[in-house]
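2 protein chains.
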Amino acid sequence: MKKLTTPSNNPTLEDVARHADVSPATVSRFMNNPNVVSERSKKKIEASIKVLNYVPHAAARTLASKKSRMIGVIVPSLDDTLFGRFLELFQQRIAEEGYTTVVASSNYSTENESVQITQMVSHGVDAVLLVGLSRDESIYRLLNNKNIPYVVTWATDALGEHPCVGFSNHDAASRVAEYLVGLGHREFSMISGTLKGNDRASGRLQGVRDVLAKHGLSLPDELVIEGPLGVEHGQKAFRLLMSRSPRPTAVICGADPLAYGAVFESKILGVDVPGDVSITGFDDTWLGPHLTPPLTTLRTPQNQMSLLSAEYLISKLKGEDVGVPLTLDVDLIVRESCSSPA
Amino acid sequence: MKKLTTPSNNPTLEDVARHADVSPATVSRFMNNPNVVSERSKKKIEASIKVLNYVPHAAARTLASKKSRMIGVIVPSLDDTLFGRFLELFQQRIAEEGYTTVVASSNYSTENESVQITQMVSHGVDAVLLVGLSRDESIYRLLNNKNIPYVVTWATDALGEHPCVGFSNHDAASRVAEYLVGLGHREFSMISGTLKGNDRASGRLQGVRDVLAKHGLSLPDELVIEGPLGVEHGQKAFRLLMSRSPRPTAVICGADPLAYGAVFESKILGVDVPGDVSITGFDDTWLGPHLTPPLTTLRTPQNQMSLLSAEYLISKLKGEDVGVPLTLDVDLIVRESCSSPA
DNA sequence: GTTAAAAATGAAAGCGCTTTCATTGTTTGG
DNA sequence: CCAAACAATGAAAGCGCTTTCATTTTTAAC
Numbered sequence: 069m070k071k072l073t074t075p076s077n078n079p080t081l082e083d084v085a086r087h088a089d090v091s092p093a094t095v096s097r098f099m100n101n102p103n104v105v106s107e108r109s110k111k112k113i114e115a116s117i118k119v120l121n122y123v124p125h126a127a128a129r130t131l132a133s134k135k136s137r138m139i140g141v142i143v144p145s146l147d148d149t150l151f152g153r154f155l156e157l158f159q160q161r162i163a164e165e166g167y168t169t170v171v172a173s174s175n176y177s178t179e180n181e182s183v184q185i186t187q188m189v190s191h192g193v194d195a196v197l198l199v200g201l202s203r204d205e206s207i208y209r210l211l212n213n214k215n216i217p218y219v220v221t222w223a224t225d226a227l228g229e230h231p232c233v234g235f236s237n238h239d240a241a242s243r244v245a246e247y248l249v250g251l252g253h254r255e256f257s258m259i260s261g262t263l264k265g266n267d268r269a270s271g272r273l274q275g276v277r278d279v280l281a282k283h284g285l286s287l288p289d290e291l292v293i294e295g296p297l298g299v300e301h302g303q304k305a306f307r308l309l310m311s312r313s314p315r316p317t318a319v320i321c322g323a324d325p326l327a328y329g330a331v332f333e334s335k336i337l338g339v340d341v342p343g344d345v346s347i348t349g350f351d352d353t354w355l356g357p358h359l360t361p362p363l364t365t366l367r368t369p370q371n372q373m374s375l376l377s378a379e380y381l382i383s384k385l386k387g388e389d390v391g392v393p394l395t396l397d398v399d400l401i402v403r404e405s406c407s408s409p410a
Numbered sequence: 069m070k071k072l073t074t075p076s077n078n079p080t081l082e083d084v085a086r087h088a089d090v091s092p093a094t095v096s097r098f099m100n101n102p103n104v105v106s107e108r109s110k111k112k113i114e115a116s117i118k119v120l121n122y123v124p125h126a127a128a129r130t131l132a133s134k135k136s137r138m139i140g141v142i143v144p145s146l147d148d149t150l151f152g153r154f155l156e157l158f159q160q161r162i163a164e165e166g167y168t169t170v171v172a173s174s175n176y177s178t179e180n181e182s183v184q185i186t187q188m189v190s191h192g193v194d195a196v197l198l199v200g201l202s203r204d205e206s207i208y209r210l211l212n213n214k215n216i217p218y219v220v221t222w223a224t225d226a227l228g229e230h231p232c233v234g235f236s237n238h239d240a241a242s243r244v245a246e247y248l249v250g251l252g253h254r255e256f257s258m259i260s261g262t263l264k265g266n267d268r269a270s271g272r273l274q275g276v277r278d279v280l281a282k283h284g285l286s287l288p289d290e291l292v293i294e295g296p297l298g299v300e301h302g303q304k305a306f307r308l309l310m311s312r313s314p315r316p317t318a319v320i321c322g323a324d325p326l327a328y329g330a331v332f333e334s335k336i337l338g339v340d341v342p343g344d345v346s347i348t349g350f351d352d353t354w355l356g357p358h359l360t361p362p363l364t365t366l367r368t369p370q371n372q373m374s375l376l377s378a379e380y381l382i383s384k385l386k387g388e389d390v391g392v393p394l395t396l397d398v399d400l401i402v403r404e405s406c407s408s409p410a
């Protein structure tokens, strides 16, 4: 098995050059900046590429040019339409600029996320999109050292240290709590995502607590049930909450799936929603309006975040000096899962 | 701005070697096969890596070794928990072997998919996971030319041309149809995903048709409503179907979200399920049991596919000569959305 | 202590591309 | 018709790593 000139198998740029009877440099120019090569060469090269079935070797390109045209995205979970939709949009916009999106899931684990980010950096991504602010400082250092632009979504940075395209989880949750207080609720409870290492979940909890405090109310720790962000935890937590006495009249959920679970479980327990207890969600995902009762929830600016974060990174990569993006607004979507307490 | 020896910014393997006072080759060995370097060198190198904050340059590695340790996955959509869960599992297993998963969504478009695959190949992925069988022949040629192992999921290949880890969409849909026929239904209809370029959707349709034919029944084209795989299409299609006369007594949905939509719409229309009409789903996704009525659906072996396809690719990458994987079983999950027609 | 075998290392040649710099060919204006 | 300016090209170095091959060091065996 000798390895001679075997353009058959895996043609390289050099094979194309030889076949088109131009220099490798010209082929490279053709690939990167076609309008600097003559029509004549262009035609020949195009033909050769087609004939040889040439596919450029991205790793070699990355190595030589120090640009990978890849953008890394690490989301907490793929097992959720929330980030799925977000990603679709982002990828679409990013693709228009000729970038490839590579995505990985951290499974809501910071350690896992660190590994993923390091791997992406190692693979030479030109930019990174992150969800949430809280992660090891060393990650930010790495990104800064390597001069890799990044943007944080689903959060805002009060300290202004990191570029964020997002909303205030604290204030958003406050909105929900205010609404419920306004309805006359006094006995609150919350079903939350895991708080540790999750600035979004803890921000939401704090938002609720601050509002309650303002009104002379409180949310004791026993009435905050923490767990994974899924329907099952919503169900279990709701069941637990309903066994507490005094029984809370309002269940604030830190994410829609938790609220779904709560509503499902209310059926099983024979608890009337919103008659006996009011339930709220967070994010306004697709199922909300189809639930019985339809879910009152907080709409987060998912599409906006997707697009604006793409825009931000694109500008950044173009070298434009973009300011830090603004904080986005959220909307309280009032449906029928809440009422005044009996 | 001179560029001298600046290990500060972006340390290379050479910097590490210099700092550890060994040759680059030894550092490389340390990175790839630590047990061939002496304890002494190992210690020194480890220390230097830590001090310099060295992150290997994956593109350079790929170029030199012709291995990227990346596995590409192209799914039809990320906007769906179906593939999300699948991906999480796959990624997890693949990571255990030291591979990185890079995922992209084709948005249910074959052209789009071709671009994505080409890009992944260009980026040097070591293997590829694909969903569904139908795509341009040139894609398979590309993969074969470049000698990139791939596996197709959510399908089986009757011709045995491509390695598949999946189930027969045709037979699975047949199961559903048989069940409904057994219940006494005669007037069938189907809400399907887009058929063009989607072997899974068309396989399912054909499966239904074959069973009906066997029983002397038929499914006319007007009673097959084709569209995007979402709740909205399910709703619209169901409404349309209910306006047909004779009104079908069974609505077979090619995917769970379509069935969700149908059930939601039935509430709005005041159509009783399963009294007036029976509805079935496909895939057995999480919402099914929580619907009113709980959805009868067909459980596809998602976790199995995820794990087995990972296993297949891993073996293939290790050079083991694995046989083509087997066809997996599906289960009909009978809940309460079906009954005998009035 | 000596020699053979094994283990650890280093030197150097690429991997496939981009990019600088120098060169050649082509216009344009006087 | 020639110089100046510009457009298009080619030669060659190098991106950061792996890997072969040769060399040195260590260990084992007698």
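Those protein sequences? They're chains G and C, same order as listed.
Residues 69 to 410 in the working numbering are what the first sequence spells out, letter by letter.
Residues 69 to 410 in the working numbering are what the second sequence spells out, letter by letter.
For every residue, glycine included, the Cβ atom is placed at its ideal position computed from N, Cα and C.
Item to check | Environment of G/H283 [buried if 16+ CB atoms lie within 10 Å] | outcome: exposed
Item to check | Presumed contact (8 Å Cβ cut-off) between G/F235 and G/T80, rounded CB distance | outcome: Not quite, the Cβ-Cβ distance comes to about 48 Å (not below 8 Å), so this is no contact.
Checklist entry - Which residues of chain C have a Cβ atom closer than 9 Å to the Cβ of G/A195, listed in chain order? => result Those do not exist, as G/A195 stays about 15 Å from chain C at its closest Cβ, beyond 9 Å.
Checklist entry - Going by alpha carbons, who is nearest to G/V171 out of C/S377, C/S177, C/V143? => result C/V143
Next on the checklist: Could you check whether C/V193 and C/V220 sit closer than 9 Å to each other, using their CB atoms as the reference points?
Outcome noted: no
Next on the checklist: What would DSSP say about C/E474, mapped onto helix, strand or coil?
Outcome noted: Outside the shown range of chain C (69 to 410) lies residue 474 of chain C, about which nothing can therefore be said.
Item to check | Selection from C/E114, C/V104, C/E164, C/E205 that minimises the alpha carbon distance to C/D83 | outcome: C/E114
Checklist entry - With distances taken between CB atoms, is the gap from C/G275 to C/D239 smaller than 9 Å? => result yes
Next on the checklist: Given this structure, state the Cα-to-Cα distance separating C/F158 from C/T149, to the nearest angstrom.
Outcome noted: 14 Å
Checklist entry - With a Cβ-Cβ cutoff of 9 Å, do C/V233 and C/L366 count as a contact? => result no
Checklist entry - Opposite G/D351 in the DSSP bridges: which residues? => result G/R367
Item to check | Where the segment 86 to 110 of chain G meets chain C: residues whose CB sits under 9 Å from a CB there | outcome: none
Checklist entry - Along chain C, in chain order, which residues have C-beta atoms closer than 9 Å to that of G/G55? => result An answer regarding residue 55 of chain G cannot be provided, because it is not within the stretch 69 to 410 covered by chain G.
Checklist entry - Just the Cα atoms here: how many angstroms apart are C/L291 and G/P361? => result 32 Å
Checklist entry - From C/V319 to G/W354, what does the alpha carbon distance come to, in whole angstroms? => result 23 Å
Checklist entry - Taking 9 Å as the CB-CB limit, is G/G356 close to chain C? => result no
Next on the checklist: Closer than 7 Å between beta carbons: that is the criterion. Which residues of the segment 147 to 158 of chain G meet it against chain C?
Outcome noted: D147, D148, T149, G152, R153, L155, E156
Next on the checklist: Between the alpha carbons of G/D204 and C/C406, how many angstroms are there, rounded?
Outcome noted: 52 Å
Item to check | Inter-residue Cα distance where the pair is C/V260 and G/V141 | outcome: The residue asked about is misnamed: residue 260 of chain C is Ser in this sequence, not Val. Looking at the two C-alpha atoms, the distance is approximately 32 Å.
Item to check | Length of the line joining the Cα atoms of G/R30 and G/G356 | outcome: Chain G is shown only over 69 to 410; residue 30 of chain G falls outside these bounds and no answer can be derived.
Item to check | Own chain residues within Cβ distance below 6 Å of G/H26, not counting five before or after | outcome: Past the boundaries of the shown model lies residue 26 of chain G; chain G is included only from 69 to 410, so the question cannot be answered.
Item to check | Option nearest C/V392 by Cα separation, candidates C/V183, C/Y380, C/R161, C/I401 | outcome: C/Y380
Checklist entry - Rounded to the nearest angstrom, how far is the Cβ of G/L131 from that of C/L131, given a contact under 8 Å? => result 5 Å
Item to check | Residues of its chain near G/Y167, where Cβ-Cβ distance is below 6 Å and the 5 sequence neighbours each way are ignored | outcome: R137, I139
Checklist entry - Between the segment 357 to 381 of chain G and chain C, which residues of the former have CB atoms less than 8 Å from a CB of the latter, in chain order? => result H358, T360
Item to check | Minimum C-alpha distance to G/E404 - residue among G/K384, G/P369, G/V196, G/T364 | outcome: G/T364
Next on the checklist: If the cut-off is 9 Å on Cβ atoms, which residues from the segment 119 to 130 of chain G count as contacting chain C, listed in chain order?
Outcome noted: N121, V123, P124, H125, A126, A127, A128, R129, T130
Next on the checklist: On the DSSP letters alone, give me the boundaries of the alpha helix (DSSP H) that C/I259 sits inside.
Outcome noted: It is not in any alpha helix (DSSP H) - C/I259 instead sits in the beta strand (DSSP E) that spans 256 to 261.
Item to check | C/S133 - DSSP class collapsed to helix/strand/coil | outcome: helix
Next on the checklist: Run through the DSSP bridge pairs and tell me what G/G234 is partnered with.
Outcome noted: G/T395
Next on the checklist: Assess contact between the segment 208 to 216 of chain G and the segment 324 to 341 of chain G, defined as three or more Cβ pairs (one per stretch) separated by less than 8 Å. Is contact present?
Outcome noted: no
Next on the checklist: So, at 7 Å on beta carbons, what are the nonlocal neighbours of C/S116 in its own chain, with the 5 sequence-adjacent residues on each side left out?
Outcome noted: V84, H87, A88
Checklist entry - Whose C-alpha, out of G/I382, G/L385, G/D351, G/Q370, is nearest the C-alpha of G/I401? => result G/D351
Checklist entry - When you check each C-beta in the segment 281 to 310 of chain C against every C-beta of chain G, which residues fall closer than 8 Å? => result V299
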